[in-house]
Amino acid sequence: MSVTVIISDGPLGPLASDTHQHGAGAVLCFEGVVREVEGQGRIAALDYQTYEPMAQRMLSAIAQDLIARHRLIAVHVEHSRGRVPVAQRSFRLVIAAPHRKEALLATDEFIDRLKRDVPIWKHAIWREGFEPPEPTAAA
Amino acid sequence: MSVTVIISDGPLGPLASDTHQHGAGAVLCFEGVVREVEGQGRIAALDYQTYEPMAQRMLSAIAQDLIARHRLIAVHVEHSRGRVPVAQRSFRLVIAAPHRKEALLATDEFIDRLKRDVPIWKHAIWREGFEPPEPTAAA
Amino acid sequence: MTVHVLLFGAEASTLGRSSVEIDIGADASCRAVKERLAQAFPAIAPFVRVGRLAVNSEFASPDRQVRPGDEVALIGMVSGG
Amino acid sequence: MTVHVLLFGAEASTLGRSSVEIDIGADASCRAVKERLAQAFPAIAPFVRVGRLAVNSEFASPDRQVRPGDEVALIGMVSGG
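Protein chains in written order, with my numbering: chain A, 24 to 162; chain B, 24 to 162; chain C, 566 to 646; chain D, 566 to 646.
Below, the structure written as structure tokens:
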């Protein structure tokens with residue numbers, strides 16, 4: 024039962040070659056990639072702002088909770104801070120589990136909770152000439 | 024919309040470094056690992072027998088169908104034939120999709136169909152002294 | 566007509582062989598091939614009933630007629646992954 | 566008591582700053598801090614209502630009292646991933 028959480032500057036590098044997790048029958052790796060087209064605009068990059076150490080702690084807490092509830096073997100999380108250009112990776116979640124179903128469920132739940140509870144914000148850097156209209160204020 | 028299917032001898036190597044798939048926001052990689060404990064026995068390896076080219080064709084057909092129905096961007100499949108020792112990988116599925124949800128659904132569905140329809144069989148090589156009792160014949 | 570049927574997995578290990586030959590009469594449908602297989606090799610009859618035939622690397626409907634030169638395979642419970 | 570509140574995301578860009586200070590009275594609960602934030606900075610009041618306060622890097626209940634030295638942050642809509 025191991026958890027690693029890494030928040031680092033800029034795009035994520037390739038996944039470091041993993042060591043075998045004893046008992047794992049399924050290893051699921053999810054990677055989030057910065058897409059060029061967002062809504063009606065075209066972006067050059069995303070800027071990620073993180074509130075640390077809360078972001079790190081929340082990511083660890085979610086991982087620990089999922090390990091306990093889905094009987095996972097290991098959870099490894101990486102998230103970028105700062106600028107990540109289009110086509111680069113900003114998020115990676117690797118889950119080792121005895122079987123496929125737990126790994127798939129835990130991946131989906133982890134990302135739902137990341138998007139709801141972890142203090143990380145993204146801000147689009149638009150490509151010149153491709154800015155969308157100013158959003159209206161929430162009311 | 025690209026599909027690659029590779030059936031190769033022995034355990035899978037590491038994932039070849041991928042090229043960016045245009046439009047992908049989510050890349051999901053599932054790997055199946057040979058587990059030591061199966062039921063009441065302990066195994067040393069699994070031997071995979073494939074019926075080719077049918078296995079290859081079925082894997083391609085499932086990938087094509089999932090691309091069409093889930094609007095995936097790319098599907099890459101690898102499966103071992105022959106002997107795969109414990110802790111080594113026998114199966115890899117990489118799905119690139121615009122968003123996470125399609126990638127997760129398609130991964131689950133692909134593996135369900137693999138286990139139901141693709142002519143590949145596994146046979147356990149037991150560790151000495153760890154063979155389970157002979158199974159009774161199906162009736 | 567003599568039909569050569571490829572076997573895999575539990576069917577192959579139960580019979581200790583990777584193919585069998587059966588003789589079929591005027592009806593060369595996949596349905597008839599399966600019935601004849603189950604009669605000729607009762608040890609695998611339960612597997613034959615739940616299995617599917619593939620003809621030339623595609624799952625075949627029960628009405629599909631087997632022709633000389635076709636490659637016929639019995640696909641029982643698979644276990645890839 | 567003066568409470569220093571860290572801002573991020575839409576709240577920070579709307580006000581053009583990464584923190585604000587507010588004065589609160591006898592009730593130093595997180596509920597009171599949010600009410601005072603919304604009054605003092607009406608431009609972000611809609612965000613404050615749906616947002617949560619974190620105290621010392623943990624989400625805090627509305628009844629949690631803010632004490633001198635606590636680090637208080639307004640966590641609005643997050644967008645990681």
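All residues carry an ideal CB built from backbone N, CA and C; glycine is no exception. Note that the coordinates shown come from a computational prediction; the quantities given were computed from them, not determined experimentally.
Of the residues B:P142, B:V141 and B:C52, the one whose Cα lies closest to the Cα of A:A126 is B:C52. In this structure, A:I85 lies away from A:A120, with their beta-carbon atoms at least 7 angstroms apart. Around C:F624, the same chain offers R617 as residues with beta carbons nearer than 6 angstroms, after the five sequence neighbours per side are excluded. Taking 9 angstroms as the upper bound on Cβ-Cβ separation, chain A lies near residues G46, A47, G48, A49, V50, L51, C52, F53, E54, G55, V56, V57, R58, E59 and V60 of the segment 46 to 72 of chain B. Taking every protein chain shown into account, the CB of A:A49 has 16 or more other CB atoms within 10 angstroms, so this residue is buried. For A:P155, the number of other beta carbons within 10 angstroms of its own is below 16, and it is reported as exposed. Within the segment 38 to 126 of chain A, the runs of alpha helix (DSSP H) at least 4 residues long that lie entirely inside it are, in chain order, 77 to 93.
The contact set of A:W144 on chain D, defined by CB atoms closer than 7 angstroms, consists of F573, G574, V643 and S644 in chain order. When DSSP states are grouped into helix, strand and coil, C:A608 belongs to the helix group. For B:F153, the three-state secondary structure derived from DSSP is coil. Listed in chain order, the non-local C-beta contacts of D:C595 below 6 angstroms within the same chain comprise L618, A625, P627 and R629, local neighbours out to five positions each way being set aside. Taking a C-beta distance under 7 angstroms as the contact criterion, A:H102 and A:I30 qualify as a contact pair.
Apart from sequence neighbours up to five positions away, the residues of its chain that approach D:G574 with a beta-carbon distance below 8 angstroms are G641, M642, V643 and S644, ordered along the chain.
A:P155 is outside the set of residues whose beta carbon lies under 7 angstroms from a beta carbon in chain D.
When C:P611, C:A605 and C:F612 are compared, the shortest CA-CA separation from C:D588 is found for C:A605. A:R106 sits close to A:A68, with the two beta carbons spaced by under 7 angstroms. Close to C:S622, with beta-carbon spacing below 7 angstroms, are these residues of chain B in chain order: P76, M77 and R80. Beyond the five residues adjoining it in sequence on each side, A:E59 comes within less than 6 angstroms, by CB distance, of R65 and V109 in the same chain, given in chain order.
One thing to note: D:M566 has its Cβ no nearer than 7 angstroms to the Cβ of D:A591. With respect to chain D, the C-beta atom of A:V98 has no partner C-beta closer than 7 angstroms. Here A:E61 has A147 as same chain residues with Cβ atoms under 7 angstroms from its own Cβ, once five neighbours each way along the sequence are excluded. Against A:V141, the close residues of chain D are V643, G645 and G646, in the order they occur along the chain (beta-carbon pairs closer than 9 angstroms). With a cutoff of 7 angstroms on beta-carbon distance, D:V620 and D:V637 are scored as near each other. Under the 10 Å beta carbon count, B:T73 is surrounded by 16 or more other beta carbons and is classified as buried.
At a cut-off of 7 angstroms between C-beta atoms, D:A593 does not count as an interface residue with respect to chain A. Where A:S31 is concerned, the enclosing beta strand (DSSP E) starts and stops at S25 to D32. Residues of chain C with a Cβ closer than 8 angstroms to the Cβ of B:I134 are, in chain order, G646. Counted as a single uninterrupted DSSP element, the stretch harbouring C:S594 is not any beta strand (DSSP E), since DSSP gives it neither H nor E.
Collapsing the DSSP output to three states places D:D635 in coil.
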